[in-house]
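Dropping the structure here:
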């Protein structure tokens, strides 16, 4: 199963200057719990936005740079090759960024979205979720609190 996982603003913003534009600690915990132990597929810029590789996950990095070879990662030059190196009988996650989400949407079986209830200026955006192709099967609203400046909703979509 291929799952795309993303935190997405009301205007589909993902981030700016290779950084998230919000801080949601519970979303980080959810991301960690869902992706730990799995292959995670990402673009080079997303990989480089991490201070170090994420523990207990196999990093598959998509890049056009021929000599790119970060330690401990599988490097490929297409979404198809990224998916091919993931075990077919296991869940793998596409984790971004914007270009990789656009390339990966047609391959995904499920979407795990954290909808941030605010609009942001951004330079990376998540593709539109077409209600003719995707059905929301689960939703969980989370209000603003002392650690979360914005309300957010966890949403799970499956392909129709």
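Residue numbers (the UniProt record's numbering): 1 to 160. Positions of the beta carbon are idealized from the N, C-alpha and C atoms, including for glycine. Computed from a prediction, not measured in an experiment: that's the story for all the values here.
Three-state class that DSSP yields for residue i in the structure shown
i: residue 12; result: coil
i: residue 105; result: helix
i: residue 97; result: coil
i: residue 142; result: strand
i: residue 24; result: coil
i: residue 45; result: helix
i: residue 54; result: coil
i: residue 36; result: coil
i: residue 147; result: coil
i: residue 31; result: helix
i: residue 3; result: strand
i: residue 158; result: strand
i: residue 122; result: coil
i: residue 59; result: strand
Beta-carbon separation (whole angstroms), residue i vs residue j, contact threshold 8 Å
i: residue 82; j: residue 13; result: Not a contact, Cβ separation roughly 24 Å.
i: residue 1; j: residue 138; result: The pair is not a contact, with the Cβ atoms about 15 Å apart (cut-off 8 Å).
i: residue 120; j: residue 21; result: 5 Å
Cβ-Cβ distance between residue i and residue j below 8 Å
i: residue 3; j: residue 124; result: no
i: residue 104; j: residue 94; result: yes
i: residue 39; j: residue 78; result: no
i: residue 157; j: residue 135; result: yes
i: residue 43; j: residue 62; result: yes
i: residue 24; j: residue 148; result: yes
i: residue 53; j: residue 72; result: yes
Minimum C-alpha distance to residue i - residue among the options
i: residue 6; options: 160, 155, 140; result: 155
i: residue 48; options: 159, 116, 18; result: 18
i: residue 96; options: 72, 85, 59; result: 59
i: residue 129; options: 44, 23, 41, 101; result: 101
i: residue 132; options: 88, 160, 28, 73; result: 160
i: residue 145; options: 26, 66, 127, 36; result: 26
i: residue 115; options: 148, 71, 153; result: 153
i: residue 55; options: 32, 11, 64; result: 32
i: residue 46; options: 127, 99, 106, 30; result: 99
i: residue 28; options: 64, 41, 127, 50; result: 50
i: residue 118; options: 84, 143, 127; result: 143
i: residue 57; options: 67, 41, 70, 64; result: 41
Problem set entry | Whole runs of the alpha helix (DSSP H) within the stretch 61–95, excluding any shorter than 4 residues | Runs of alpha helix (DSSP H) with 4 or more residues, each lying fully within the stretch 61–95, are found at 79–84, listed in chain order.
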